[in-house]
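Taking numbering that gives the first Met the number 0, the leading residue of the sequence shown gets 0, the next gets one more, and so forth. What follows is a set of notes on a single structure, which appears directly below.
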Amino acid sequence: MRCLLCQESCRQELSLIDLFLFRNQKNPICTKCQLQFKKIDSTYCPSCYKPNQKSICQDCIDWKKKGYLPSHRALYAYDSAMKEYFQKYKFQGDYILKKVFAKDIENLIKKNYSDYTIVPVPVSQVRLSERGFNQVSALLDETNCIYQNLFVRLDDSRQSSKSKKERQIAEGTYYLNQTKELPQKILIFDDIYTTGNTIVSLKKNSVAMVARRLRVSLLHVKTCKFS
């Protein structure tokens, strides 16, 4: 097979079970490319998983003062390798790259959040038309995890084009789809964590609908980007 990232040929060992179930591919990328991505180790903010933090980070302290505290998991740091990945997958529309982290995502969800309803962060209709797919829900499509689209996004501006302050003060971006029955335990799934504004906005809408009885968690599976 060929690695989805570098296109080099790579050989993978298959077990008897793999052969019996006709599984011809375990990992869509080669070992060299896999090692370029940095998993977040034991040193991180306990609230938002910002790497290289021995205690709660300043962003989370600021949110806590406002009455909100991010609570999520992240798998990888946002370094040059991850930035290049998202450039290809998210902005250049290389749809097949949704396969790269599928197994990591599925394992984390099934191990830690099996009783949660998974809810991907939505993109606006304008962005969906431009890109052709929601890069967040596409990551879930490659797993065996069922999810629900409970939220709608109205703002069509790119988060990456906004300053940190602009992202923090943005209001009215996400709305709850009230035609959907709201579960009691929601796992919000996103690709890149920047300021925490997305999860706060979604949580505010969720809690308002259930008189503050809803337990909301963020599964920030992919990366942490702080700027």
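All C-beta atoms, glycine included, are put in the ideal place defined by N, C-alpha and C.
(message) Out of D189, S8, D140 and N176, which one is the CA nearest neighbour of V120?
(response) D189 is the residue among D189, S8, D140 and N176 whose C-alpha sits nearest the C-alpha of V120.
(request) Would you verify that the beta carbon of G195 is, or is not, closer than 7 Å to some beta carbon of chain D? (result) In the displayed structure, chain D is absent; only one protein chain is listed.
(request) Taking the CB atoms as reference points, tell me whether A76 and I39 lie closer together than 7 Å. (result) Here A76 is near I39, since their CB atoms are less than 7 Å apart.
(request) Answer with buried or exposed for S200, where buried requires no fewer than 16 other C-beta atoms within 10 angstroms of its C-beta. (result) By the 10 Å Cβ count, S200 comes out buried.
(message) By DSSP's criteria, F150 is part of a beta bridge. Which residues make up the other side?
(response) Answer by DSSP bridge pairing, in chain order: L175.
(request) Give the DSSP bridge partners of P50, in chain order. (result) For P50, which the question treats as bridged, DSSP gives the partners Y43.
(request) Compute the beta-carbon to beta-carbon distance between G141 and K97, rounded to the nearest angstrom, for a pair I have assumed lies under 8 Å. (result) Before going further, note that residue 141 is Glu rather than Gly in the sequence given. The pair is a contact, with the Cβ atoms about 5 Å apart (cut-off 8 Å).
(message) Quick check on R1: does DSSP put it in helix, strand or coil?
(response) Correct three-state label for R1: strand.
(request) Report buried or exposed for D114, applying the criterion of at least 16 other Cβ atoms within 10 angstroms of its Cβ. (result) Around the beta carbon of D114, a 10 Å sphere encloses fewer than 16 other beta carbons of the protein chains shown; the residue is thus reported as exposed.
(request) Just mark F90 as buried or exposed, buried being the case when its beta carbon has 16 or more other beta carbons within 10 Å. (result) Looking at its Cβ environment, which holds fewer than 16 other Cβ atoms inside 10 Å, F90 is exposed.
(request) Provide the residue span of the alpha helix (DSSP H) that contains V125, from first to last. (result) Run containing V125: Q124 to R130, per the alpha helix (DSSP H) assignment.
(message) Could you compute how far the alpha carbon of I117 sits from the alpha carbon of S8?
(response) The C-alpha of I117 lies about 35 Å from the C-alpha of S8.
(message) For the structure I just gave you, are there three or more beta carbon pairs, one from the segment 54-68 and one from the segment 96-110, closer than 8 Å?
(response) No: the two stretches stay apart, fewer than three of their Cβ pairs being nearer than 8 Å.
(message) So, for L3: in the same chain, excluding its five sequence neighbours on each side, which residues have a beta-carbon less than 7 Å away from its beta-carbon?
(response) If we look at L3 and ignore the five residues flanking it on each side, its Cβ neighbours are P27, I28, I95, L96, K98 and V99.
(request) Just grab the DSSP bridge partners of V136 for me. (result) Val is not the amino acid found at residue 136; the sequence shown has Ser there. The partner list for S136 (beta bridge, DSSP) is empty, contrary to what the question assumes.
(request) Look up S8 in the DSSP assignment and say whether it is helix, strand or coil. (result) In this structure, S8 counts as strand in the three-state DSSP scheme.
(message) Considering Cα atoms alone, identify which of H71, K37, K64 and K102 is closest to T193.
(response) Selected option, being the one with the closest Cα: H71.
(message) Suppose the cutoff is 8 Å on Cβ atoms and the five residues either side in sequence are ignored; what does the same chain contact list for Q147 look like?
(response) T116, I117, V118, K179 and P182, listed in sequence order.
(message) I need the straight-line Cα distance from V125 to P69, nearest angstrom please.
(response) Roughly 28 Å separates the two Cα atoms.
(request) Give the secondary structure of N111 by DSSP, where H, G and I count as helix, E and B as strand, and everything else as coil. (result) Three-state result, N111: helix.
(message) Tell me the residue span of the alpha helix (DSSP H) that contains C32.
(response) Looking at the DSSP string, the run of the alpha helix (DSSP H) that includes C32 is T30 to Q33.
(request) Could you check what DSSP says for Q91 in three-state terms: helix, strand or coil? (result) Note: Q91 maps to coil in three-state DSSP.
(request) Take K37 and list the residues in its own chain whose beta-carbon comes closer than 6 Å to its own, dropping the five residues that flank it on each side. (result) Result list for K37: A76 and D78, in chain order.
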